[in-house]
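Below is one structure; the comments refer to it alone.
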Amino acid sequence: MHGREEPGRLRGAPPPRWARAAPLVALVVLTCVQWLTPGITELGYFLAAIPAVAAFSYGATGTAAFAGVVTLLLGVHRLGVGHARGTDLATVATVGLLSVVIAWVRRRRDAQLVSVRTVAEAAQLALLPPVPERVGRVRCDGLYRAAQRGTLVGGDLFDVRAGPYGVRAVVGDVRGHGLAAVGTVAALLGAFREATLDDPGLEAVAARLDRRLVEDAAIGPEEHPELFATAVLLEFPPERDVVRITSCGHPPVLLLRDFAACELAVEPGPPLGLGLAGPAPTPITEVPLLPGDRLLVHTDGVTEARDAAGHFYPLAQRVPMLAKDPEGLPRAVWRDLLAFTDGGPGDDVAVLVLSAAEADAAPGR
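If you read the sequence shown in the working numbering, its first letter stands for residue 1, the second for the next number, and so on.
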């Protein structure tokens with residue numbers, strides 16, 4: 001499954017308990033202090049501010065209750081809390097009324113924000129849905145972290161699909177990151193999913209993705225003056241213990257075998273979007289797979305992350321130590337990356353781990 005931020009984290013959440021308790025605690029403390037020090041301290045003006053504070057933690061009804069209690073305490077002199085009269089009491093009541101209006105507007109805006117975010121989450125999840133644990137005979141485990149706060153999809157992409165020519169996977173990195181790159185990500189994923197069903201070879205898949213970016217750049221050159229992406233395509237042919245790989249200017253794929261990691265020697269082709277994948281087909285490398293082999297494919301958000309001293313993250317060196325993590329290799333890499341960079345990288349991160357299973361697996365998506 002994706003290790004992405006859960007959708008619920010983007011939605012509006014109720015204020016923490018301390019925020020809801022603060023106005024009540026302040027009301028009780030100020031009232032008690034006023035009772036214990038009659039004639040010495042005058043805290044009425046502090047009490048008058050409590051409804052305004054409550055408006056940020058309660059709805060209109062709760063805020064109205066606070067406003068009513070404060071007005072009562074300050075207006076009924078025999079209670080021994082306040083001595084507001086005339087204009088002062090009218091001012092307290094006005095502050096309470098305005099606080100109720102603020103609370104109502106805030107709740108309404110919160111509901112609108114939750115609705116907008118829910119729609120945005122649904123759109124992003126439709127664009128890049130979670131990778132299943134198994135596609136055809138290939139086991140999958142992925143993690144995605146967008147650099148832009150509050151988003152599920154950025155400028156990286158990955159997908160795994162089953163088709164007539166086997167199981168195919170793509171991991172890519174669009175120029176730029178954040179929301180500005182999401183349109184290009186959508187175009188590439190759509191082209192890849194069509195190619196998985198229609199194109200008989202990885203060369204043709206790469207050419208289709210390249211042509212997609214070239215066409216998009218031609219339609220809107222002012223919006224995409226330098227539209228390109230790096231990508232790596234993998235294909236697991238039916239009934240064969242091999243993987244075919246083609247790289248379009250992407251970081252190397254790591255092969256994990258017996259808890260050792262090595263970069264696969266795949267001759268890189270040009271990045272997508274330059275119009276070169278068709279005239280000069282990208283080279284294909286075929287790698288034999290042994291039982292237990294895993295392939296780790298990632299974007300440069302991983303290997304270009306730096307620590308405080310400016311050193312790049314040494315993924316190939318760290319992977320053997322992380323491979324035994326019970327929560328899965330992608331999540332182990334992400335936690336190690338957070339510790340290495342002291343807070344996380346500044347670029348989008350995608351990590352996909354693939355391994356061939358027995359041929360009797362359930363059909364993929």
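C-beta atoms are modelled at their ideal positions from N, C-alpha and C, and glycine is treated no differently.
Predicted, not measured: the structure shown is a model, and the values here were computed from it.
About 4 Å separates the beta carbons of PRO271 and GLY249, which is inside the 8 Å limit, making them a contact pair. Bridge partners of HIS298 according to DSSP: VAL351.
The segment 239-246 makes no contact with the segment 318-326; the number of CB pairs closer than 8 Å stays below 3.
The way I'd put it, the segment 350-357 does touch the segment 151-163; three or more beta-carbon pairs between them come closer than 8 Å. No Cβ-Cβ contact shorter than 8 Å links PRO345 with ALA316. The DSSP-derived three-state label of GLY136 is coil.
Residue range 166-174 is occupied by the beta strand (DSSP E) that includes ALA169. With contacts defined by Cβ atoms closer than 8 Å, ALA52 and VAL92 do not form a contacting pair. Contact check for VAL182 and ALA169: beta-carbon distance about 20 Å, past the 8 Å limit, so the pair fails to qualify. The beta carbons of VAL333 and VAL232 sit no closer together than 8 Å. Beta-bridge partners of SER99 (DSSP): none assigned. Taking the Cα positions, PRO326 is about 26 Å away from ASP307. Where VAL287 is concerned, the enclosing beta strand (DSSP E) starts and stops at 285-288. Around the beta carbon of CYS32, fewer than 16 other beta carbons lie within 10 angstroms, which makes this residue exposed. The Cβ atoms of ALA195 and ALA204 lie closer than 8 Å to each other. Within its own chain, no residue has a Cβ closer than 6 Å to the Cβ of TYR45 once the five positions on either side in sequence are excluded. Its Cα nearest to that of THR71, the residue VAL95 stands out among PHE56, VAL95, ASP300. PHE228 and THR184 have their C-alpha atoms spaced approximately 9 Å apart. Between VAL167 and ARG139, the beta carbon gap of about 10 Å keeps them out of contact (Cβ cut-off 8 Å). Taking C-beta atoms as the reference points, ALA356 and LEU289 count as a pair closer than 8 Å. Secondary-structure assignment with DSSP links GLU263 through a beta bridge to LEU254. With a 10 Å radius around the Cβ and a threshold of 16 neighbouring Cβ atoms, THR87 comes out exposed. Taking a C-beta distance under 8 Å as the contact criterion, PRO164 and LEU189 do not qualify as a contact pair. Contact check for GLU267 against LEU254 fails: the beta carbons are separated by 8 Å or more.
By the neighbour-count criterion, in which a residue is buried when 16 or more other Cβ atoms sit within 10 angstroms of its Cβ, SER115 is exposed. Within the same chain, and ignoring the five residues on either side of ASP336 in sequence, the residues whose Cβ sits closer than 7 Å to its Cβ are ARG318, LEU322. Note that the C-beta distance between LEU143 and ARG17 is not below 8 Å. Spanning the alpha carbons of LEU256 and THR61 requires a straight line of approximately 60 Å.
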